[in-house]
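Per our numbering, the sequence shown starts with residue 3, numbered consecutively. Don't be surprised by glycine CBs; every beta carbon is placed ideally from N, CA and C. Structure first, commentary second.
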Amino acid sequence: MVEIACDELGDINRLAEAVAVLDKRISTQVAIAAPSLIALPGCGELTAAKIVGEAGGITRFRSEAAFARVCGVAPIPSSSGNLDRLRPHKYGNRQLNTALHTVATTQLRLECPGRAYYQKRRDGGDKPAKAMRALKRRLARVIYNRLRYDSLAGPA
Numbered sequence: 003m004v005e006i007a008c009d010e011l012g013d014i015n016r017l018a019e020a021v022a023v024l025d026k027r028i029s030t031q032v033a034i035a036a037p038s039l040i041a042l043p044g045c046g047e048l049t050a051a052k053i054v055g056e057a058g059g060i061t062r063f064r065s066e067a068a069f070a071r072v073c074g075v076a077p078i079p080s081s082s083g084n085l086d087r088l089r090p091h092k093y094g095n096r097q098l099n100t101a102l103h104t105v106a107t108t109q110l111r112l113e114c115p116g117r118a119y120y121q122k123r124r125d126g127g128d129k130p131a132k133a134m135r136a137l138k139r140r141l142a143r144v145i146y147n148r149l150r151y152d153s154l155a156g157p158a
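Put into structure tokens, the structure is as follows:
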């Protein structure tokens with residue numbers, strides 16, 4: 003039994019070292035590919051790597067609205083009778099949506115423009131879910147523009 007535990011501990015140590023090496027490689031690559039995205043409050047290196055990887059090149063989107071639609075944060079009309087409203091787009095890349103949600107929830111804990119925008123929406127009468135959707139949509143615009151800037155600037 004002790005022998006099995008020692009083997010498992012050795013495996014855990016080897017895997018932890020491999021994870022550390024991969025984390026360093028990811029950090030290096032994302033710092034080259036998207037330096038302004040890492041500078042965004044709430045967007046760490048792994049989240050930035052997920053966004054860069056899932057977006058698959060920002061030049062494939064013709065606009066920030068197209069990027070937001072792929073992220074699943076573009077509002078779409080939902081009408082019933084005389085009631086016109088917008089609802090969130092439930093399709094799209096769930097990994098990009100998750101990354102946006104991670105950035106948004108982190109920004110709510112920090113003193114940054116995202117938190118101020120969310121609070122402005124809440125003060126304007128939006129419910130928390132609606133204010134969060136609006137923040138994620140705004141973040142999609144910011145992330146698109148930062149990725150676009152990084153792709154035009156090229157590697158540093």
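Handout entry: Span separating the alpha-carbon of residue 73 from that of residue 45
Key = Cα to Cα, the separation comes out at about 16 Å.
Practice task
Using a threshold of 9 Å, state whether the C-beta atoms of residue 110 and residue 145 are closer than that.
Solution key: Taking C-beta atoms as the reference points, residue 110 and residue 145 fail to come closer than 9 Å.
Practice task
In angstroms with no decimal places, state the Cα-to-Cα distance between residue 118 and residue 98.
Solution key: Whole-angstrom Cα-Cα distance: 23 Å.
Exercise for the section: Using three-state DSSP, classify residue 65 as helix, strand or coil. Expected result: The three-state reading of DSSP puts residue 65 in coil, since its state is none of H, G, I, E or B.
Handout entry: Own chain, CB closer than 7 Å to residue 32, minus 5 neighbours either side, in chain order
Key = Counting only Cβ-Cβ distances below 7 Å, and skipping sequence neighbours, we find 40, 47, 50, 51 and 54.
Exercise for the section: May I have the straight-line CA-CA distance separating residue 71 from residue 120, to the nearest angstrom? Expected result: C-alpha separation (whole angstroms): 21 Å.
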